[in-house]
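Residue -10 in the numbering used here is what sits at position 3 of the sequence shown, and the numbering runs on without skipping anything.
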Amino acid sequence: MQEAAQTPDRSDAAALRPVRLGIDTHHEPVVVLRADSPVCRAEGFEAHARVEVIAPQRSIIATLNILVTGELLGPDEAGLSESAWRRLNPADGERLQFRYAPPSDSMSHVRAKIYGQHLSESQLDAIIADVVAGRLSNVEISAFLVACAGGRMNAAEVTALTRAMVQSGRRMSWSHPVVVDKHCIGGLPGNRTTPIVVPIVASLGLVMPKTSSRAITSPAGTADTVETMTRVDLGLDEMRRVVDAEGGCMAWGGAMNMSPADDLLIRVERTLDLDSEGQLVASVLSKKLAAGSTHVVIDIPTGPTAKVRNQAEAQSLLHALQRTAHAIGLK
-12 MQEAAQTPDR
-2 SDAAALRPVR
8 LGIDTHHEPV
18 VVLRADSPVC
28 RAEGFEAHAR
38 VEVIAPQRSI
48 IATLNILVTG
58 ELLGPDEAGL
68 SESAWRRLNP
78 ADGERLQFRY
88 APPSDSMSHV
98 RAKIYGQHLS
108 ESQLDAIIAD
118 VVAGRLSNVE
128 ISAFLVACAG
138 GRMNAAEVTA
148 LTRAMVQSGR
158 RMSWSHPVVV
168 DKHCIGGLPG
178 NRTTPIVVPI
188 VASLGLVMPK
198 TSSRAITSPA
208 GTADTVETMT
218 RVDLGLDEMR
228 RVVDAEGGCM
238 AWGGAMNMSP
248 ADDLLIRVER
258 TLDLDSEGQL
268 VASVLSKKLA
278 AGSTHVVIDI
288 PTGPTAKVRN
298 QAEAQSLLHA
308 LQRTAHAIGL
318 K
């Protein structure tokens, strides 16, 4: 979401009344227009076009769906998904204007990666910034994830991606010299060591602000499992109060806007059933650095039914985690 650019000079006839459709499209903003609406006719919009939706105070980039039958919308109305509505937050009586979204510079970087080029820190910063701002569609995010999979990221790219993901959100800091964390890379149903380890470590006097992502390739991650027993969508202030009182916590990192790109990428990875090594390393370590950890233990389940199938893959992942952690100041 961004502050609205100069509103296009168009008549009020081309401005549409926003309608909240109540449709969950995950994080991707979606707008629905009738095929016979004046905007569609004037702009020549087609389904799945990326459009800029402009309100008086702010604007968003959204994916366009077109209604060809039915009475869901009037010709002077624009339907917004829940994600689009939350980002745009239109006031009563406001009208929306539309135009084709300007091309994203970050997609030129994604295309460069598809064709085998290495990405610089500034290029990865631009891609992650566009992911968080909602300027990239799920299709475009998928292209980035696939282009980086299969060992196509070198060590410098993984480190730069990790830093970009940390910088995209908020960071916590603690007065304690040692702040510990433990993470399991997952992929093994029923592997529930983290909810046992955290209270044991905290009871022994160490500070452990444990944040977790949602599951990608297994039925449930730590955050999903703990949520069956208690809330995990803690805000930063709530998390700090719990840690100050108890020494540790278990929370979903996505609720605190720490490394927000991680959860946005994970939602697309889950659809692709994809969890590549470079993305995994950046996902895990960006959350730890953002939570203020200084020391991290990584649990890598290995076996024929796990995410990591053999010792050679485990060693490769171990080295990638150690190398990137060293580069960003984690032990």
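From the three backbone atoms N, C-alpha and C, an ideal C-beta is built for every residue, glycine too. Just so you know, these numbers come straight off a predicted model, no measurement behind them.
State the CB to CB distance for the pair residue i and residue j, rounded to an integer number of angstroms; the pair is presumed to be in contact (CB under 8 Å).
{"i": "S263", "j": "G137", "result": "7 Å"}
{"i": "A202", "j": "L221", "result": "Actually they do not touch by this definition, with Cβ atoms about 19 Å apart."}
{"i": "I253", "j": "S270", "result": "7 Å"}
{"i": "A312", "j": "V283", "result": "7 Å"}
{"i": "A71", "j": "L51", "result": "With a Cβ gap of about 11 Å, A71 and L51 do not count as contacting."}
{"i": "A232", "j": "S155", "result": "About 29 Å; that fails the 8 Å criterion."}
{"i": "V17", "j": "A65", "result": "11 Å between Cβ atoms; not a contact."}
{"i": "D250", "j": "S200", "result": "6 Å"}
{"i": "D11", "j": "E81", "result": "Their Cβ separation, rounded to whole angstroms, is 23 Å, which puts D11 and E81 out of contact at 8 Å."}
Let me make sure I understand the geometry here. Which of the options has the alpha-carbon closest to that of residue i?
{"i": "P164", "options": "T281, V119, E108 and G57", "result": "T281"}
{"i": "R122", "options": "R73, I47 and E144", "result": "I47"}
{"i": "V153", "options": "E108, M140, A232 and R73", "result": "E108"}
{"i": "R228", "options": "G57, W161 and S273", "result": "W161"}
{"i": "A120", "options": "R45, P176, L193 and G57", "result": "R45"}
Looking at the secondary structure, which residues open and close the alpha helix (DSSP H) in which residue i lies?
{"i": "V194", "result": "From DSSP, V194 is part of no alpha helix (DSSP H); its letter is neither H nor E."}
{"i": "S303", "result": "Q298 to I315"}
{"i": "M159", "result": "Here M159 belongs to no alpha helix (DSSP H), and DSSP marks it neither H nor E."}
{"i": "I10", "result": "Taken as a continuous stretch (DSSP letters only), I10 belongs to no alpha helix (DSSP H), as it is neither H nor E."}
{"i": "G265", "result": "E264 to A277"}
{"i": "A1", "result": "It is not in any alpha helix (DSSP H) - A1 carries neither H nor E in the DSSP assignment."}
Hey, could you find the ends of the beta strand (DSSP E) residue i is sitting in?
{"i": "K169", "result": "V167 to C171"}
{"i": "Q84", "result": "Q84 to Y87"}
{"i": "I48", "result": "R45 to L54"}
{"i": "Q286", "result": "The identity of residue 286 in the sequence shown is Asp, whereas the question assumes Gln. Looking at the DSSP string, the run of the beta strand (DSSP E) that includes D286 is H282 to D286."}
Exposed or buried, residue i, counting other C-beta atoms within 10 Å across all chains shown (16 or more means buried)?
{"i": "E33", "result": "exposed"}
{"i": "T292", "result": "exposed"}
{"i": "I172", "result": "buried"}
{"i": "A(-8)", "result": "Here the model assigns A(-8) a pLDDT of 48, short of 50, so the residue's position is not dependable and the matter cannot be decided."}
{"i": "L191", "result": "exposed"}
{"i": "M245", "result": "buried"}
{"i": "K100", "result": "buried"}
{"i": "R74", "result": "buried"}
Enumerate in chain order the residues of its own chain whose CB-to-CB distance from residue i is below 6 Å, with the five nearest sequence positions on each side excluded.
{"i": "N125", "result": "E15 and V255"}
{"i": "M226", "result": "C236 and A238"}
{"i": "G265", "result": "C135, M140 and V145"}
{"i": "S93", "result": "A113, I114 and D117"}
{"i": "M195", "result": "V167, V185, V188, A189 and G235"}
{"i": "P77", "result": "P5 and A42"}
{"i": "M159", "result": "A278 and G279"}
{"i": "R21", "result": "L54, L60 and P62"}
Excluding the 5 residues preceding and the 5 following residue i in the sequence, name in chain order all residues of the same chain whose CB lies nearer than 7 Å to its CB.
{"i": "V219", "result": "A210, V213, M237, A238 and W239"}
{"i": "R179", "result": "T212"}
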